[in-house]
Amino acid sequence: MIDFDKWQEIFSSMKRHKLRTFLTALSVWWGIFMLVLLLGMGKGLQNSVEHSFRDDAINSLWIYNGRTSKPYKGLPPGRYIQFTNDDYDLIKSQVPEVEHITGRYYLRGQFNIKYKNKSLSFDIRSVHPDHQVLENTIIIKGRFLNDTDIKEYRKVCAIGKIVAEDFFGEEEAIGKYLKIKGTDYKIVGVFRDEGHENEMRKIYLPVTTAQRVDSANGRLHQMMATIGDAGVNESMRIENKIKKLLSERHKFAIDDDQALYVRNGVERFQEFQMVFAFIKGFIWFVGIGSIIAGVIGVSNIMLIVIKDRTKEIGIRKAMGATPLSIIGMVMQEAVFLTSLAGYIGLITGFGLIYGMNYLMVENEMELEFFRNPEVDFMTVLTALIFLICCGALSGLIPAIQAVRINPVAAMKS
111 MIDFDKWQEI FSSMKRHKLR TFLTALSVWW GIFMLVLLLG MGKGLQNSVE
161 HSFRDDAINS LWIYNGRTSK PYKGLPPGRY IQFTNDDYDL IKSQVPEVEH
211 ITGRYYLRGQ FNIKYKNKSL SFDIRSVHPD HQVLENTIII KGRFLNDTDI
261 KEYRKVCAIG KIVAEDFFGE EEAIGKYLKI KGTDYKIVGV FRDEGHENEM
311 RKIYLPVTTA QRVDSANGRL HQMMATIGDA GVNESMRIEN KIKKLLSERH
361 KFAIDDDQAL YVRNGVERFQ EFQMVFAFIK GFIWFVGIGS IIAGVIGVSN
411 IMLIVIKDRT KEIGIRKAMG ATPLSIIGMV MQEAVFLTSL AGYIGLITGF
461 GLIYGMNYLM VENEMELEFF RNPEVDFMTV LTALIFLICC GALSGLIPAI
511 QAVRINPVAA MKS
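See below:
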């Protein structure tokens with residue numbers, strides 16, 4: 111049953127100390143508001159970074175060639191390392207941990223892609239079928255390149271959604287031909303990409319076809335592979351295994367990072383996760399610090415309230431009020447003040463974060479380093495419960511002091 115007298119006393123006490131009550135509530139409000147705001151902004155930053163990883167498979171190794179910087183077994187530095195189809199076959203056959211693998215060959219020179227009287231410029235990539243997995247390419251019409259295209263040197267291509275729209279508009283692109291460097295390629299698929307828009311401005315050709323047309327003698331400019339569900343340590347072991355195979359084949363020092371560089375997607379993603387874990391911990395540290403500062407303010411104002419109500423508390427004890435009832439009276443006011451201010455801070459913070467999210471979605475705003483700010487409700491609810499517990503503790507010290515008041519001395523004051 112609600113004790114209206116107690117609540118009347120609480121509101122009367124807050125009314126007598128309007129400025130102190132407001133400033134104390136403001137500090138509590140600010141603590142929870144800043145915690146929600148910082149969590150939302152941090153999540154927006156994290157969403158942006160994680161979205162950038164959607165363009166490529168996270169469990170990937172990207173293998174780049176270069177020039178040797180160290181002498182090796184009598185060979186001088188400065189030698190250029192040239193990948194070929196044999197390197198692709200070597201990794202595919204000797205590294206069973208590799209799940210998908212593709213090579214890339216880039217056509218040389220400047221050229222435009224033509225369809226009838228229309229001539230446009232787009233990026234050309236010559237790849238293996240597994241490239242679809244590495245780049246998270248999503249086919250929306252037709253198909254991607256397949257093994258038969260590679261084996262039979264077929265003159266086919268898969269084009270990005272933007273390429274299809276620019277060349278054909280509302281017309282069907284599948285089955286039509288694009289002229290690339292004087293050779294006609296039949297369009298067998300149209301794709302979209304979850305990553306950057308520029309990925310949909312690309313055209314994929316079978317790597318063997320492009321090598322033959324370009325007289326490349328099986329050369330590759332780059333290789334990429336996925337390694338299943340391997341963790342960071344396992345991915346580094348596989349990376350070293352690939353380096354060892356290629357260093358033996360091309361005769362360079364395995365620790366020569368200028369000759370061969372491997373970008374480990376698993377390791378990079380783990381590093382980003384650790385950075386954001388640190389950022390999140392720092393946000394909680396700052397937010398909880400602000401909350402504790404507000405709670406200390408609540409404790410201070412309750413001490414002032416106890417001092418002002420010394421005579422009243424003495425009379426209550428003389429009339430038989432128990433220590434538990436005195437403690438309950440003081441703590442009830444402290445918990446009410448912190449809970450009310452914390453709840454308002456929570457609602458304000460949520461309103462601001464989701465207001466920003468709504469505006470970004472409605473206006474189709476995509477910032478490079480900030481995307482879809484949001485807050486985990488259960489996380490902040492936990493913070494609010496923590497705040498209420500702190501509010502109870504903030505009232506405990508003044509309450510104990512109130513219990514220690516001597517009734518006779520209090521009535522004489």
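Counting from 1 along the sequence shown, just add 110 to a position and that's the residue number in the working numbering. Where is the CB? At the ideal position from N, CA and C, for every residue including glycine. As the structure is a prediction and not an experimental result, all values here were calculated from the model.
Query                                                                                                                        : Result
Presumed contact (8 Å Cβ cut-off) between Ile250 and Phe379, rounded CB distance                                             : In fact, because the Cβ distance is near 27 Å, the residues do not count as touching under 8 Å.
Paired residues, beta bridge with Tyr287 - DSSP                                                                              : Lys296
For Ile389 and Gly150, believed in contact at Cβ under 8 Å, the rounded distance                                             : Contact flag wrong, Cβ pair sits at about 13 Å.
Burial state of Pro206 (16 or more Cβ within 10 Å)                                                                           : exposed
Same chain, Cβ closer than 8 Å to Leu288, five either side skipped, listed in chain order                                    : Ile223, Lys224, Tyr225, Cys267, Ile269, Phe277, Asp294, Tyr295, Ile297 and Ile313
Minimum C-alpha distance to His360 - residue among Leu133, Leu200 and Ala320                                                 : Leu200
Own chain, CB closer than 6 Å to Gly407, minus 5 neighbours either side, in chain order                                      : Thr134 and Ser137
Spatially closest choice to Gly455 from Met439, Ile401 and Leu434, by CA coordinates                                         : Ile401
Whole-angstrom distance between Asn195 and Gln321, CA atom to CA atom                                                        : 10 Å
Three-state class that DSSP yields for Lys228 in the structure shown                                                         : strand
Assumed close pair Asp240, Pro316 - CB separation to whole angstroms, cut-off 8 Å                                            : About 12 Å separates the two Cβ atoms, so there is no contact after all.
Opposing strand residues paired with Trp172 [DSSP bridges]                                                                   : Met334 and Arg373
Extent of the continuous alpha helix (DSSP H) to which Ser325 belongs                                                        : Taken as a continuous stretch (DSSP letters only), Ser325 belongs to no alpha helix (DSSP H), as it is neither H nor E.
Paired residues, beta bridge with Leu185 - DSSP                                                                              : Tyr182
Neighbourhood of Met111 by C-beta, 6 Å cutoff - its chain only, sequence neighbours within 5 removed                         : Low local confidence applies: a pLDDT of 46 at Met111 is under 50, so the model's placement there is unreliable, and no value is given.
CB-CB length for Val372 against Ala340, believed under 8 Å                                                                   : Between Ala340 and Val372 the Cβ distance is about 14 Å, and since that is not below 8 Å, they are no contact.
Extent of the continuous alpha helix (DSSP H) run through Ile352                                                             : Val342 to His360
Alpha-carbon to alpha-carbon, Glu245 and Asp332                                                                              : Looking at the sequence itself, residue 332 is Gln, so the reference to Asp does not match. Going from the Cα of Gln332 to the Cα of Glu245 covers about 14 Å.
Beta strand (DSSP E) segment containing Ile248, residue limits                                                               : Thr247 to Gly252
Chain-order list of residues whose beta-carbon lies under 8 Å from that of Ser229 (same chain, five-residue window excluded) : Asn222 and Ile223
Neighbourhood of Leu462 by C-beta distance below 7 Å, restricted to the same chain and skipping five residues each side      : Leu147
Cβ neighbours of Lys537 in the same chain (closer than 6 Å, five flanking residues each side left out)                       : Because residue 537 is not part of the residues shown, which for the chain are 111 to 523, the question remains open.
Extent of the continuous beta strand (DSSP E) run through Lys265                                                             : Taken as a continuous stretch (DSSP letters only), Lys265 belongs to no beta strand (DSSP E), as it is neither H nor E.
Ala363 versus Glu304: straight-line alpha-carbon distance, rounded                                                           : 38 Å
Coil, strand or helix - Thr212 by DSSP                                                                                       : strand
Exposed unless 16 or more other CB atoms sit within 10 angstroms - verdict on Thr336                                         : buried
Check whether Leu370 and Ile191 have beta carbons under 8 Å apart                                                            : yes
Cβ distance (whole Å) where Ile498 is taken to contact Val445 below 8 Å                                                      : 6 Å
Chain-order list of residues whose beta-carbon lies under 7 Å from that of Lys125 (same chain, five-residue window excluded) : none
Residue from Pro483, Ile284 and Met439 whose Cα sits closest to the Cα of Gln94                                              : This structure does not reach residue 94, given that the chain is present from 111 up to 523, and the question cannot be answered.
Three-way DSSP call (helix, strand, coil) for Gly452 in this model                                                           : helix
Selected residue, minimal CA-CA separation from Lys261, among Gly279, Val237 and Gln242                                      : Val237
Pairwise C-alpha distance: Met144 and Met441                                                                                 : 25 Å
DSSP-derived helix/strand/coil call for Lys128                                                                               : helix
Where Leu339 sits in the DSSP three-state scheme                                                                             : Position check: residue 339 holds Asp in this sequence, whereas Leu was assumed. Coil, per DSSP.
Burial state of Thr492 (16 or more Cβ within 10 Å)                                                                           : exposed
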